[in-house]
Each structure stands twice: as structure tokens, then as C-alpha cells.
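Numbering (my numbering), first residue to last: 1141 to 1421. Note that CB positions come from ideal geometry on N, CA and C, so glycine has one too. Take a look at the structure set out below.
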């Protein structure tokens, strides 16, 4: 999802300097494959991950966390050995412990949320790998970004999708939109194209300290459900017997904004663009 948005953005802004390879047989758990991917590249955006709902990550933790740890370590090693001009590592909101607001420097004061325990630690270890290379080899050509709850075109709309694509699919396929919980949990949602814009911005400005990418504002699940239900003209049914996860997850975006970055899309606009993309599949 983010990768597709990033590729399209880079093609639109720097078409002569972009190479996109179709690598269906590449396995980032294999160091040789990572070496081949990074050779002769100027900038490496490392976005690879295994996406799924928090519920699915807890049900199959090894399936999610072990490969991520492997290919994160392999990619930073390969990028360093290839002497790329810049390496960007994509971390996650899942590295944070529940708090009113997630501030970059607070990550290592606590543990990840129990709801993101395995994936959160995998992403944290990836950050440590990057910082270890930066410290030991004075490799100050790296950025670490932590996106919030990302949504947009090319998202996963399958069985284990995240909240926005899941609700879009339910609203499209059913007469009533059934939503887990009571709608009170608060999340920070950010549109995929804005995340891509932020990644490009971070690399162009050579930002080496970790930065959050989010809206910086909280939105309840009820607000999300209302936007989607109104679009499809459906009623909402709340299932309060189902889990709701952490009650509040909001990113501080002060650091990235201090460098001059601003989002382009508001929540309603982003959700409607995502719905339109989904309906045209």
C-alpha cells in the first residue's frame, strides 16, 4: 500500500531517477537476495513488512515477527555494504506503549503494548539494527520513520485487514455495518499518499532522528464508522462483546512538522478516495 503510493509519487516527481524492479522471487530472509536488491542503488526505502490485524499477529506471532526480524537485519546490512546514499527504515506505531500521545524519545522508556507485543518488538529490533550501524560505522545516512494507522488504495481488504479497509468491505457487502466494540477507542489515521510524501521529505531533508508520521489528532472508531456508513447509507450495529484493543493511540507530529512537513489529505477525503478505489477493483 505505502510502497505503491511511494513509487507513484517518485515517478511523478523524479521520473528519470527511479528504477522499480519486479522481484517476485526475492526472499528478503536471504542475505544474497538483499545484497542483490541494494547493489548499485542510490536510495533504499525499506518498507517491506507483514501486514495484518493485531488479532492475527497475536494468533500467529512467529509468522509475523520472525521474518520481519530477519529481513530487517539483512536489508540494513546490505544497504550499508552497498554504500547507498541513503537508507530509510519503516518502523511502526506498534513500537509504542499505550500513552496519551506517542513521542519519539519515549519509545525506549517502556515496552510495546501487549496488543502489538510481537510485531512491536520486531520493529524495535529493526530500529536498533539501524542505530547500531549508525553508531559503530558512523553511518549517518539513515532515517527511521514510524507511521501511524495507515490506510488507502491497495490496502489489504481480506479476512485479517485493519479497521478502515475492514469496515469499507463490510459496509459494501452487508445491509448493516457491524463494528466491534462501542466505538470509543481513539486512533491516529494517516492516508498512504501522505505517508509516501513524508518518507520522500525525510530522505530529501536527510533527517537522521526517528520521526512519527501521523495526523497528530485522535479519531474515534465511531467517527470512522460514521464516515463509512454515511457513504454507503448503511446503519451501524455495535458488538460490545468483541475486544477493542488499546483505548488511545495518537502520534505526536511536532518533530516532523518542525522540519516543515504538512499533510495534504484530511480523514474524510482520504477515506472517500479509498472507498472509490475499492469500488473500482
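Identify the continuous alpha helix (DSSP H) that holds residue i and give its terminal residues.
i, result
"residue 1261", "1257–1276"
"residue 1306", "1303–1313"
Tell me, which residues are paired with residue i by DSSP?
i, result
"residue 1391", "1242"
"residue 1317", "1376"
"residue 1142", "In the DSSP output, where bridge partners are listed per residue, residue 1142 has none listed."
"residue 1230", "1285"
"residue 1326", "1360, 1388"
"residue 1236", "Per DSSP, none; premise fails for residue 1236."
"residue 1290", "1330"
Compute the Euclidean distance between the alpha carbons of residue i and residue j, then round it to the nearest angstrom.
i, j, result
"residue 1370", "residue 1230", "33 Å"
"residue 1305", "residue 1359", "16 Å"
"residue 1175", "residue 1204", "22 Å"
"residue 1328", "residue 1385", "14 Å"
"residue 1233", "residue 1374", "31 Å"
"residue 1218", "residue 1353", "25 Å"
"residue 1200", "residue 1289", "21 Å"
"residue 1152", "residue 1341", "14 Å"
"residue 1320", "residue 1296", "18 Å"
"residue 1409", "residue 1252", "31 Å"
"residue 1209", "residue 1168", "10 Å"
"residue 1150", "residue 1404", "16 Å"
"residue 1239", "residue 1388", "7 Å"
"residue 1299", "residue 1312", "15 Å"
"residue 1264", "residue 1237", "12 Å"
"residue 1249", "residue 1274", "21 Å"
"residue 1228", "residue 1280", "11 Å"
"residue 1141", "residue 1257", "23 Å"
"residue 1172", "residue 1185", "18 Å"
"residue 1356", "residue 1418", "26 Å"
"residue 1179", "residue 1166", "14 Å"
"residue 1343", "residue 1187", "14 Å"
"residue 1333", "residue 1276", "34 Å"
"residue 1420", "residue 1191", "23 Å"
"residue 1476", "residue 1198", "Nothing in the structure corresponds to residue 1476, since the chain is present only between 1141 and 1421."
"residue 1314", "residue 1292", "21 Å"
"residue 1261", "residue 1336", "24 Å"
"residue 1235", "residue 1259", "8 Å"
"residue 1283", "residue 1220", "13 Å"
"residue 1367", "residue 1407", "9 Å"
"residue 1254", "residue 1224", "36 Å"
For the beta strand (DSSP E) that residue i lies in, which residues bound it at each end?
i, result
"residue 1287", "1282–1287"
Does the structure place the region 1386–1393 close enough to the region 1259–1270 that three or more beta carbon pairs sit under 8 Å?
Segments in contact, no.
Enumerate, from N- to C-terminal direction, the unbroken alpha helix (DSSP H) stretches of 4 or more residues contained entirely within the region 1150–1220.
1171–1178, 1194–1199
Minimum length 3: unbroken beta strand (DSSP E) runs contained in the region 1329–1416
1329–1331, 1351–1353, 1375–1379
Can we say the region 1378–1387 touches the region 1341–1354, given the rule of at least three CB pairs closer than 8 Å?
no
Quick test of the definition: if touching needs 3 or more C-beta pairs under 8 Å, does the region 1354–1366 touch the region 1212–1221?
no
Can at least three beta-carbon pairs, one atom from the region 1399–1408 and one from the region 1231–1246, be found at a separation below 8 Å?
no
Does the pairing of the region 1305–1317 with the region 1411–1419 give three or more beta-carbon distances under 8 Å?
yes
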